[in-house]
Amino acid sequence: MLNYMYKSRFILLLLTTAFSAASSDSLIFSPLRRLERETDANASSFLDRLLEGDAGEDSSIFDSALATLDDFFFVDRCDRPDEDTSNIRDLSDWMASLDPNTNLAQLTLPGTHNSAAYDLSTQFNENDPQYTYIQEASFGVDLPNKMIAPFACRFALTQSLSISEQLRAGIRYFDLRVDYDTETSSFRIFHLLFGLPIQDILKQIQDFIQMHPSEIVVIEMRELLSSSVTAQKKQELTQIILNSIGSALYPVTNALPTIGEMQTGGTTVIVAVQDGDINSSSDMIWPTSGTIRDTFANTVDVQEMNKYNQERLVEFNSDGNQFLFNKLSWILTPNTDYLKDSLLRGSIFRLAKEDANPALIDFAAKNDGVQLGNILIIDYVEQSPLFDVLGLSSSSSEPFVPDSPASSLQSTLPFCISLSLGILGCILALP
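Residue numbering for the sequence shown follows the numbering used here, beginning at 16 and increasing consecutively.
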């Protein structure tokens with residue numbers, strides 16, 4: 016007879032797979048992409064491995080079956096929502112038509128929140144405070160990270176477009192969260208889950224500004240969370256930044272320059288990093304303190320976010336404001352209660368598309384003629400009216416062309432669930 020503990024573990028794995036697929040909306044996670052590439056022979060081979068031998072005498076056979084099922088269903092990357100770019104245009108050169116005497120402080124730069132959280136692995140950054148929220152949302156059940164990751168993907172992904180696509184769409188401010196990953200010994204993007212190496216992100220920006228010298232880009236990097244980051248490691252990150260885009264960096268000053276000053280000098284990138292050691296090591300990397308004022312409502316409620324941002328606009332335009340860039344964050348933030356209530360159906364994608372982004376239109380209309388900060392950030396920009404609100408859509412009639420078309424995986428959902436339940440039936444039927 017199969018050991019009860021092993022059978023329970025196996026059933027939990029199967030049910031998690033089925034629920035993950037069934038609850039994904041357009042966020043169809045790893046099982047479905049894998050199943051598109053697998054054949055019936057793979058499934059038959061798996062069942063043969065599962066049913067042969069005496070698992071009652073040798074539990075390693077069952078462990079092997081668990082490992083096979085785990086490898087079959089779970090992969091190491093989150094799947095992005097399908098891109099619908101019909102709402103945006105190619106705004107690669109929208110700054111070329113601006114008066115060069117315009118000071119950067121007079122603009123509202125369109126930006127994205129957790130800009131590089133479009134390509135994430137299923138490896139948790141356990142230094143991220145949100146990791147605790149995910150654990151709390153599991154109702155006290157101690158589940159392996161790999162089983163939690165398909166759910167976590169929904170609350171970690173914040174964008175569908177790559178950095179290069181965001182740049183072509185008109186985004187000019189990037190919120191990058193970077194931390195040191197001890198497993199790969201590298202600095203990587205993260206938002207709950209680790210993403211691409213920072214070099215890959217900076218390379219996309221470098222390639223863009225070389226082709227579009229009129230465009231000005233502001234990059235903000237938050238504090239490093241890993242306790243393993245030494246002074247030497249910080250120097251390594253500094254060199255990565257300088258080696259990637261150093262020739263395009265605008266040096267630290269006490270005031271923002273005009274667009275023309277940046278364009279003429281070929282120094283069209285401002286990088287601000289929230290780390291005193293890095294700031295003191297180079298006069299090309301701005302401090303975030305006194306430079307960028309970060310604000311966010313930290314709520315899942317649209318009305319609360321609206322009220323909070325209305326109050327921030329008043330502060331931005333007050334005489335006591337000392338920041339160079341005032342950032343308005345039009346984003347909804349899942350809390351522990353939301354995660355518990357919406358673990359199967361909720362996501363940042365749904366919060367942005369259905370709640371936050373549509374509400375931006377009324378907010379902007381209410382504040383017609385008022386500058387919406389120096390930076391306005393949003394989740395899932397292609398699902399938003401951001402460029403319409405900022406009056407940029409009319410500056411181009413060129414259609415936006417994404418890097419690659421998104422594929423639909425909806426047809427694999429019934430197969431995924433059927434296979435899961437079929438294998439579950441086999442296990443329950445075993446003596």
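Where a beta carbon is used, it is the ideal one built from N, C-alpha and C, also for glycine.
Shown here, glutamate 151 sits in a helix according to DSSP, grouped into three states. Look at valine 416 here: in three-state DSSP terms it is coil, with no helix or strand label.
Here glutamine 174 is not near tyrosine 353, since their CB atoms are 8 angstroms or more apart.
Secondary-structure assignment with DSSP links lysine 355 through no beta bridge to anything. Excluding sequence positions up to five before and after proline 417, its CB lies within less than 7 angstroms of the CB of Glu98, Thr100 and Glu180, all in the same chain and listed in chain order. Along the length of the segment 308-356, whole alpha helix (DSSP H) runs at least 4 residues long occupy 317-331 and 351-356, reported in chain order. Sixteen is the threshold: since fewer than 16 other Cβ atoms of the shown chains lie within 10 Å of the Cβ of proline 228, the residue is exposed.
As DSSP reads the structure, asparagine 118 sits in a beta bridge with Thr273. Sorting Leu328, Ile390, Phe378 and Ser399 by C-alpha distance to the C-alpha of leucine 366 places Ser399 at the top. Between arginine 169 and isoleucine 346 a beta carbon distance of about 15 angstroms is seen, past the 8 angstroms cut, so the two are scored as non-contacting. Straight across, the Cα-Cα distance linking glutamine 337 with serine 419 is about 43 angstroms. Distance from the CA of leucine 257 to the CA of glutamine 219, rounded to the nearest whole angstrom, comes to 15 angstroms. Minimum Cα-Cα distance from leucine 252 among the listed residues Ser201, Leu391 and Thr123 corresponds to Ser201.
C-alpha of histidine 206 to C-alpha of valine 385: approximately 32 angstroms in a straight line. Between the segment 128-136 and the segment 240-255 there are fewer than three inter-stretch CB-CB distances shorter than 8 angstroms, so the stretches are not counted as touching. Here isoleucine 390 is not near glycine 185, since their CB atoms are 8 angstroms or more apart. Residue burial annotation: lysine 381 is exposed, with fewer than 16 other C-beta atoms found within 10 angstroms of its C-beta.
The alpha carbon of proline 144 has as its nearest neighbour, out of Met162, Glu238 and Arg95, the alpha carbon of Glu238.
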